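Undergrad: Encoded as structure tokens, here's the structure I'll be asking about.
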Amino acid sequence: MTDTVGVKIKRLPHGHGLDLPAYATDGAAGMDVLSAESVTLKRGQRHAVATGLSMAIPQGYEIQVRPRSGLALKHGITVPNTPGTIDSDYRGELKIILINHGDDDFAIERGDRVAQLVLAPVTQAAWEEVDDLDATTRGEGGFGSTGGHAKLT
Ligand SMILES: O=c1ccn([C@H]2C[C@H](O)[C@@H](COP(=O)(O)OP(=O)(O)OP(=O)(O)O)O2)c(=O)[nH]1
Ligand SMILES: [Mg+2]
């Protein structure tokens with residue numbers, strides 16, 4: 153059984169009549185979220201899609217906005233800021249930023265499932281500033297320092 157956490161959610165005027173974000177299956181990690189507007193994304197175009205929802209995520213949690221793989225694979229529709237971060241103290245309208253990397257214009261109808269939302273725990277960092285850090289094998293290596301895309305031998 154997956155843990156659940158209560159999240160207060162409010163339908164804005166243009167959100168009335170739409171289903172709330174929902175898990176498509178019992179084991180789903182993400183809730184599919186619906187567009188509250190009809191809009192066509194031209195090739196290469198970005199748009200902040202209205203959801204007609206605002207929420208009060210409990211402190212200590214965030215909601216991540218992630219793409220739906222079917223839209224990404226079939227239509228090149230993705231979330232350019234994935235994972236989008238919905239802060240627990242945000243009370244504005246949830247917007248889903250989508251970009252059309254596909255070959256064709258993409259029509260979104262009100263009620264379409266355009267992205268998915270994952271509720272996740274948040275740990276905040278409390279910096280401890282130091283003059284030096286411990287040495288590690290990786291050290292300052294990054295950005296491909298372990299080798300290109302070929303498998304590790
Ligand atoms: O996909 C997204 C990302 C963010 N937001 C809202 C909720 C979030 O709490 C707020 C701020 O997001 P973020 O921190 O990513 O934006 P920013 O550019 O850092 O703006 P700010 O200075 O307001 O934090 O915007 C959305 O509705 N959808
Ligand atoms: Mg921010």
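Residue numbering for the sequence shown follows our numbering, starting at 153 and increasing by one per position.
Ideal Cβ placement from N, Cα and C applies to all residues, glycine included.
In this text the structure is predicted, and so the values were computed from the model without any measurement.
1. From this set, R243, R218, A278 and A188, which residue's C-alpha is nearest T230's C-alpha?
2. Measuring only the C-alpha atoms, how far is V191 from D155?
3. Could you give the distance in angstroms between the alpha-carbon of D184 and the alpha-carbon of V282?
4. I'd like the ranges of any beta strand (DSSP E) spanning at least 3 consecutive residues and lying wholly in the segment 191-216.
5. Should L225 be labelled buried (16 or more other beta-carbon atoms within 10 Å of its own) or exposed?
6. Assuming L271 contacts V157 (C-beta within less than 8 angstroms), just tell me the rounded distance between them.
7. With C-beta atoms as the reference, is H227 less than 9 angstroms away from G254?
8. Rounded to the nearest angstrom, how far is the Cβ of V266 from that of L250, given a contact under 8 angstroms?
9. From this set, K160, V201 and G294, which residue's C-alpha is nearest G263's C-alpha?
10. Can you tell me where the beta strand (DSSP E) with A180 in it begins and where it stops?
11. Excluding sequence positions up to five away, which residues of its chain have a Cβ less than 8 angstroms from the Cβ of L304?
12. Report yes if the C-beta of D241 is less than 8 angstroms from at least one heavy atom of ligand 2; otherwise report no.
13. State yes or no: is the C-beta of P173 within less than 9 angstroms of the C-beta of L269?
14. Return the first residue and the last residue of the alpha helix (DSSP H) that L225 is part of.
TA: The relevant details are as follows:
1. For the purposes of this step, residue 230 is taken as residue 78 along the sequence shown, with counting starting at 1. That would be R218, whose Cα lies nearest to the Cα of T230.
2. As a position in the sequence shown, residue 191 is number 39, starting the count at 1. As a position in the sequence shown, residue 155 is number 3, starting the count at 1. Those two C-alpha atoms are separated by around 35 angstroms.
3. Position 32 of the sequence shown, counted from the start, is the residue given in the question as residue 184. Position 130 of the sequence shown, counted from the start, is the residue given in the question as residue 282. Distance between the alpha carbons of D184 and V282: 43 angstroms.
4. 191-193, 198-202 and 205-208
5. Locating residue 225 in the sequence shown gives position 73, counting from the first residue. By the 10 Å Cβ count, L225 comes out exposed.
6. Reading the sequence shown from its first residue, position 119 is the one you call residue 271. Reading the sequence shown from its first residue, position 5 is the one you call residue 157. Confirmed, about 6 angstroms.
7. Within the sequence shown, residue 227 is the residue found at index 75, counting from 1. Within the sequence shown, residue 254 is the residue found at index 102, counting from 1. Contact flag set, yes.
8. The residue labelled residue 266 in the question sits at position 114 within the sequence shown. The residue labelled residue 250 in the question sits at position 98 within the sequence shown. The pair is a contact, with the Cβ atoms about 6 angstroms apart (cut-off 8 angstroms).
9. Taking the first residue of the sequence shown as 1, we reach residue 263 at position 111. Considering only alpha carbons, the answer is V201.
10. In the sequence shown, residue 180 corresponds to position 28, counting from 1. No beta strand (DSSP E) contains A180, which DSSP labels as neither H nor E.
11. Here residue 304 refers to the residue found at position 152 when the sequence shown is read from its first residue. Same-chain partners within the cutoff: T298.
12. For the purposes of this step, residue 241 is taken as the residue at position 89 of the sequence shown. It does not: the Cβ of D241 is nowhere closer than 8 angstroms to a heavy atom of ligand 2.
13. Locating residue 173 in the sequence shown gives position 21, where the first residue counts as 1. Locating residue 269 in the sequence shown gives position 117, where the first residue counts as 1. The answer is yes: Cβ separation under 9 angstroms.
14. Residue 225 sits at position 73 when you count from the first residue of the sequence shown. L225 -> alpha helix (DSSP H) spans S221 to H227.
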